[in-house]
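Residue numbers (my numbering), protein chains in the order written: chain A, 4 to 409; chain E, 4 to 266.
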Amino acid sequence: MPDDLINSFMSGPDDKGRFGDFGGRFVSETLMPLILELEEQYEHAKTDQSFWDEMKDLWTHYVGRPSPLYFAQRLTDYCGGAKIYLKRDELNHTGAHKINNVLGQILLARRMGKTRIIAETGAGQHGVATATVCAKFGLECIVYMGAHDVERQSPNVFRMKLLGAKVVPVTSGRGTLKDAMNDALRDWVTNVRDTFYCIGTVAGPHPYPAMVRDFQSIIGKEAKEQMQAAEGRLPDTLVAAIGGGSNAMGLFYPFLDDRSVNIIGVEAGGHGVDDRMEHCASLTGGRPGVLHGNRTYLLQDRDGQILEGHSISAGLDYPGIGPEHAWLHEIGRAKYVWITDREALDAFQVCCAQEGIIPALEPSHALAHVLKIAPELPADHLICMNMCGRGDKDIFTVAKALGTDI
Amino acid sequence: MTRIDAKFAALRAEGRKAFVAYVMAGDPDYDTSLELVRGLPGAGVDIIELGMPFTDPMADGPTIQLAGQRALAAGQTLQRTLDMARSLREVDDTTPIVMMGYYNPIYSRGVDTFLKDAKAAGIDGLIVVDLPPEEDEELCIPAQAAGLNFIRLATPTTDDKRLPKVLQNTSGFVYYVSITGITGAAAASAADVAPEVARIKAQTDLPVIVGFGIRTPDSAREIASVADGAVVGTAIVKQVEEGRPVPEILNFVRGLADGAHGA
């Protein structure tokens with residue numbers, strides 16, 4: 004798009020919650036009044052200094068922000084090309100970026116007088132973060148989790164229970180994140196008056212995609228300052244993994260108007276992106292549709308029925324993607340690629356061996372792409388990758404995939 | 004005047020309440036479902052709601068979720084749902100057919116194509132759960148332009164301030180969802196529903212039909228007595244789930260219809 008046609012990539016969404024043609028508010032009438040109230044409350048909180056003061060205090064003293072920007076010397080040497088920096092959001096309290104957003108939403112829920120919090124979770128990281136913040140504020144917490152994910156992410160299920168949350172295994176569909184989100188929406192529509200739905204990613208009806216992005220943007224804001232301090236300039240390339248896309252949007256957003264910065268989102272390629280549809284690469288292997296309150300790219304059949312997809316990573320196992328990513332993809336501001344289960348597993352092991360960091364399977368996808376591109380790039384090229392979660396939760400899945408009994 | 008308008012005019016003239024029945028198209032298979040649908044007018048059904056199966060029915064309870072899955076597993080598509088409506092029209096040209104479901108299968112087919120095909124198949128109205136007034140430009144306005152009624156859901160959370168927006172582009176009738184919740188959940192009482200119906204009728208001349216949670220002839224009568232009619236869905240779909248023969252299901256439907264008509 005020519006520069007003179009657009010002033011900023013950061014001005015979305017419009018007043019209908021659209022990023023270009025994507026986004027919107029595709030929800031039932033029962034929920035609509037609540038969505039409008041949430042939008043109003045969020046718009047108010049956004050410009051309320053006391054809200055952000057409270058966030059900053061919690062981010063600093065409860066979450067442990069800012070997370071470090073770490074120069075990965077050995078990974079850089081291993082690739083023999085670009086300089087690789089890792090934004091260490093896996094060091095946050097609860098082990099992932101998810102808590103950045105949860106804190107914001109729970110503070111809003113408290114302002115709205117809601118006493119019951121529901122959430123959906125895939126890998127369990129958003130569920131754990133929500134259960135954690137609910138425990139801190141003494142709020143009732145119900146987490147919907149696909150039965151298949153309950154099985155493959157059992158450490159996080161136990162964690163949520165310890166934190167006092169009720170975990171509801173969802174058996175509809177294939178029992179993954181999509182189905183958990185359906186059941187969370189069904190709960191919300193039933194308990195609409197006292198319940199706040201804490202969505203874990205940059206998807207869902209407006210204002211969620213914008214609100215979650217704003218809360219996660221702390222990642223990109225810090226990274227920008229930290230890179231400035233470390234290298235005296237902007238990074239050349241940003242890389243982040245994408246399921247719904249909240250860690251990626253958080254890293255990308257503050258850089259959208261820095262035209263020199265290449266932005267790369269990495270989708271889950273599962274067993275490969277082809278007609279078998281055994282992947283979760285919505286942008287590469289899907290087409291636009293409407294699900295869970297927004298229009299975005301979806302994995303679907305010819306008749307508009309949603310497909311299940313596959314990824315080794317429970318957190319990326321979702322047939323859609325946040326609408327702002329769909330828009331960035333269509334206008335070409337960000338580039339979206341995919342990485343297979345196998346490549347992610349390899350990168351997982353490289354990261355453990357080279358840096359002493361056990362990454363979650365989600366950022367292992369981002370890292371796998373970094374390992375692909377870094378060797379081809381010059382030594383003064385700066386890559387900033389979001390290490391959005393730690394891998395403790397994944398050791399059983401990885402062991403199984405590697406054929407090891409633990 | 005659409006078939007829906009004509010039906011309500013006739014019911015008014017007879018001083019009767021409407022009985023609306025929901026079935027999932029293609030559940031448990033195309034032929035059984037078609038036999039059931041063709042039998043509905045004879046069982047006293049005034050308006051047929053034909054469910055369009057969808058993989059992710061966010062506003063539906065387990066019974067209708069499973070019905071959709073059965074239909075999809077048996078090969079039901081949007082085209083076959085339209086075919087089913089056309090087959091009914093061969094034997095019945097007066098009973099209104101309202102297609103009910105979610106937006107994505109329609110969006111995937113293309114709105115203009117879908118509306119042309121629906122009109123040609125003899126469809127009279129649409130209820131699309133995930134299209135609130137805020138998204139009227141997507142389907143509601145094109146549907147009205149194509150001569151189809153767009154029937155909106157009003158809910159207990161639709162307050163007086165919002166009600167005009169919900170009613171603005173609604174036609175045919177208003178579907179009042181008697182509870183906050185999903186299909187097949189607990190029923191609201193007629194005492195709770197009556198003031199809500201009055202609240203809606205103060206702002207529109209359209210008939211107000213009440214649904215969600217009605218399972219028995221008695222509750223159909225009670226709810227219909229405080230509105231212009233009652234909708235039953237889950238209780239009928241449950242009969243299909245239990246594998247009952249079509250004549251038996253139609254008997255069950257007749258009981259519900261008699262209940263509503265007795266109001």
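The C-beta atom is built at its ideal place from N, Cα and C for all residues, glycine as well. Since the model is a prediction, treat every value here as computed from it, not as a measurement.
Excluding five sequence neighbours on each side, which residues of the same chain lie with their C-beta closer than 6 Å to the C-beta of F199 (chain A)?
For the purposes of this step, residue 199 (chain A) is identified with residue 196 of the first sequence, where counting begins at 1. Result list for F199 (chain A): A112, K117 and I120, in chain order.
Would you verify that the beta carbon of T173 (chain E) is, or is not, closer than 8 Å to some beta carbon of chain A?
For the purposes of this step, residue 173 (chain E) is taken as the residue at position 170 of the second sequence. False, the Cβ-Cβ gap to chain A never drops below 8 Å.
Which residues in the same chain as Q147 (chain E) place their Cβ atom closer than 8 Å to its Cβ, once the five residues preceding and following it in sequence are excluded?
Locating residue 147 (chain E) in the second sequence gives position 144, where the first residue counts as 1. The residues are F153, N172 and S174.
How would you list, in chain order, the residues of chain E whose beta-carbon sits under 8 Å from the beta-carbon of P36 (chain A)?
Locating residue 36 (chain A) in the first sequence gives position 33, where the first residue counts as 1. Within 8 Å Cβ-Cβ: T160, T161, D162 and R165.
Just verifying my parser: in three-state terms, what is the DSSP assignment at V30 (chain A)?
Looking up residue 30 (chain A) in the first sequence gives position 27. Looking at V30 (chain A) - three-state DSSP - the assignment turns out to be coil, as it is neither helix nor strand.
Under 7 Å Cβ-Cβ, which residues of chain E neighbour R189 (chain A)?
Position 186 of the first sequence, counting from 1, holds the residue named residue 189 (chain A). Ordered by position in chain E, the residues that pass the 7 Å Cβ test against R189 (chain A) are M61 and I185.
Inter-residue Cα distance where the pair is Q108 (chain A) and V153 (chain A)
Here residue 108 (chain A) refers to the residue found at position 105 of the first sequence. Here residue 153 (chain A) refers to the residue found at position 150 of the first sequence. Looking at the two C-alpha atoms, the distance is approximately 24 Å.
Assuming the contact rule is C-beta atoms closer than 8 Å, G26 (chain A) and H209 (chain A) should be a hit. Round their C-beta distance to whole Å, please.
Taking the first residue of the first sequence as position 1, residue 26 (chain A) is located at position 23. Taking the first residue of the first sequence as position 1, residue 209 (chain A) is located at position 206. Taking C-beta atoms under 8 Å as the contact rule, G26 (chain A) and H209 (chain A) qualify, at a distance of about 6 Å.
Distance cutoff 8 Å, beta carbons only. Does F29 (chain A) sit that close to anything in chain E?
Stepping through the first sequence from its first residue, residue 29 (chain A) is reached at position 26. Among the CB atoms of chain E, one or more fall inside 8 Å of the CB of F29 (chain A).
Please state whether DSSP places A121 (chain E) in a helix, a strand or coil.
As a first step, residue 121 (chain E) must be located in the second sequence, where it is residue number 118. Here A121 (chain E) sits in helix by DSSP.
Does the region 85–97 of chain A come into contact with the region 144–151 of chain A, if we say contact requires no fewer than three beta-carbon pairs (one atom in each stretch) closer than 8 Å?
Not touching, per the Cβ criterion.
Run through the region 142–225 of chain E for me and flag every whole beta strand (DSSP E) of 3 or more residues, listed as ranges in chain order.
Here the runs fully enclosed are 177–180 and 211–214.
Can you find the residues in the same chain that come closer than 8 Å, C-beta to C-beta, to C354 (chain A), ignoring five residues on each side of it along the sequence?
The sequence position of residue 354 (chain A) within the first sequence is 351, counting from 1. So the qualifying residues of the chain are L78, I360, I361, P362, S367 and L370.
For the putative contact between M103 (chain E) and L81 (chain E), defined by C-beta atoms under 8 Å, what is the C-beta separation to the nearest angstrom?
Looking up residue 103 (chain E) in the second sequence gives position 100. Looking up residue 81 (chain E) in the second sequence gives position 78. Taking 8 Å as the upper bound for CB-CB distance, M103 (chain E) and L81 (chain E) are not in contact here, some 13 Å apart.
Contained alpha helix (DSSP H) runs [length at least 4] in the region 221–283 of chain A, N- to C-terminal order
Within the region 221–283 of chain A, the complete alpha helix (DSSP H) runs of at least 4 residues are 221–234 and 249–255.
Tell me which same chain residues have a C-beta within less than 7 Å of the C-beta of D51 (chain A), skipping the five on either side of it?
Within the first sequence, the letter at position 48 stands for residue 51 (chain A). Its chain contains no residue whose beta carbon lies nearer than 7 Å to that of D51 (chain A) once the 5 sequence neighbours on both sides are disregarded.
Select from the region 154–182 of chain A all residues with a C-beta closer than 9 Å to any C-beta belonging to chain E, and list them in chain order.
Answer in chain order: S175, G176, K181 and D182.
Please list, in chain order, the residues of the region 136–147 of chain E that have any C-beta partner in chain C closer than 7 Å.
Annotation note: the requested chain C is absent from the structure, which comprises protein chains A and E.
With DSSP as the reference, label I51 (chain E) as helix, strand or coil.
One-based indexing of the second sequence puts residue 51 (chain E) at position 48. In this structure, I51 (chain E) counts as strand in the three-state DSSP scheme.
Against chain E, with Cβ distances strictly below 8 Å, would L440 (chain A) count as a contact?
Residue coverage of chain A in this structure runs from 4 to 409, which leaves residue 440 (chain A) outside it and unanswerable.
Determine, for Q68 (chain E), whether the minimum Cβ-Cβ distance to residues of chain A falls below 8 Å.
As a first step, residue 68 (chain E) must be located in the second sequence, where it is residue number 65. The beta-carbon of Q68 (chain E) is placed less than 8 Å from the nearest beta-carbon of chain A.
Spatial neighbours of T299 (chain A) within its chain, please: CB distance less than 6 Å, with the 5 preceding and 5 following residues excluded, ordered by chain position.
Counted from its first residue, the first sequence places residue 299 (chain A) at position 296. A distance below 6 Å between beta-carbons, with the five flanking residues on each side excluded, links T299 (chain A) to the following residues of its chain, in chain order: F25, G323, I324, P326 and A329.
Is the CB of R112 (chain E) under 8 Å away from at least one CB in chain A?
In the second sequence, counting from the first residue as 1, residue 112 (chain E) sits at position 109. Judged by the 8 Å Cβ criterion, R112 (chain E) is in contact with chain A.
Would you mind giving the Cβ-Cβ distance between A157 (chain E) and L151 (chain E), rounded to the nearest angstrom? I have them listed as a contact below 8 Å.
To locate residue 157 (chain E), count along the second sequence from 1; it is residue 154. To locate residue 151 (chain E), count along the second sequence from 1; it is residue 148. In fact, because the Cβ distance is near 19 Å, the residues do not count as touching under 8 Å.
Quick check: the region 220–234 of chain A against the region 63–78 of chain A, are there 3 or more CB pairs under 8 Å?
Judged by pairs of C-beta atoms under 8 Å, the region 220–234 of chain A touches the region 63–78 of chain A, as three or more such pairs exist.
Using a cut-off of 8 Å between C-beta atoms, extract the partners of Q303 (chain A) located in chain E.
By one-based count along the first sequence, residue 303 (chain A) stands at place 300. The contacting residues are N107 and S111.
Quick one, which residues of the region 305–333 of chain A are near chain E if we go by CB-CB under 7 Å, in chain order?
Taken in chain order, the members of the region 305–333 of chain A whose beta-carbon sits within less than 7 Å of a beta-carbon on chain E are D306, G307, Q308 and I309.
Stretch-stretch touch, CB-based, cutoff 8 Å, three pairs: the region 212–224 of chain A with the region 164–182 of chain A
Per the Cβ contact rule, the region 212–224 of chain A is not in contact with the region 164–182 of chain A (fewer than 3 Cβ pairs under 8 Å).
Which residue's Cα is closest to the Cα of D278 (chain A): A:Q303, A:P257 and A:D344?
Numbered from its first residue, the first sequence carries residue 278 (chain A) at position 275. Measuring from the Cα of D278 (chain A), the nearest candidate turns out to be A:Q303.
Select from A:K338, A:L380 and A:M115 the residue whose C-alpha is nearest the C-alpha of D80 (chain A).
For the purposes of this step, residue 80 (chain A) is identified with residue 77 of the first sequence, where counting begins at 1. If you compare the alpha carbons of A:K338, A:L380 and A:M115 with that of D80 (chain A), the shortest gap goes to A:L380.
Under a Cβ-count criterion, where at least 16 other Cβ atoms within 10 Å of its own Cβ denotes burial, should D7 (chain A) be classed as buried or exposed?
By one-based count along the first sequence, residue 7 (chain A) stands at place 4. Model confidence at D7 (chain A) stands at a pLDDT of 47, short of 50, so the residue's coordinates are unreliable and nothing is read from them.
Just the chain A side, please: which residues come within less than 8 Å of V132 (chain E) by C-beta, in chain order?
Mapped onto the second sequence, residue 132 (chain E) falls at position 129. Result: S31.
Contact check, E365 (chain A) vs A251 (chain A) under 8 Å by CB: the rounded distance?
Here residue 365 (chain A) refers to the residue found at position 362 of the first sequence. Here residue 251 (chain A) refers to the residue found at position 248 of the first sequence. The C-beta distance from E365 (chain A) to A251 (chain A) rounds to 10 Å, too long to fall under 8 Å, and the pair is not in contact.
Fully enclosed by the region 64–88 of chain E, which alpha helix (DSSP H) runs are 4 residues long or longer?
The qualifying runs are 65–76.
If you drop the 5 nearest sequence neighbours on each side, which residues of the same chain put their C-beta closer than 7 Å to that of P257 (chain A)?
Here residue 257 (chain A) refers to the residue found at position 254 of the first sequence. Cβ neighbours of P257 (chain A) within its own chain (closer than 7 Å, five residues either side excluded): S220, G223, K224 and K227.
With a threshold of 7 Å, establish whether the CB of R279 (chain A) neighbours any heavy atom of the ligand GTP.
This structure lacks the ligand GTP, and indeed carries no ligand of any kind.
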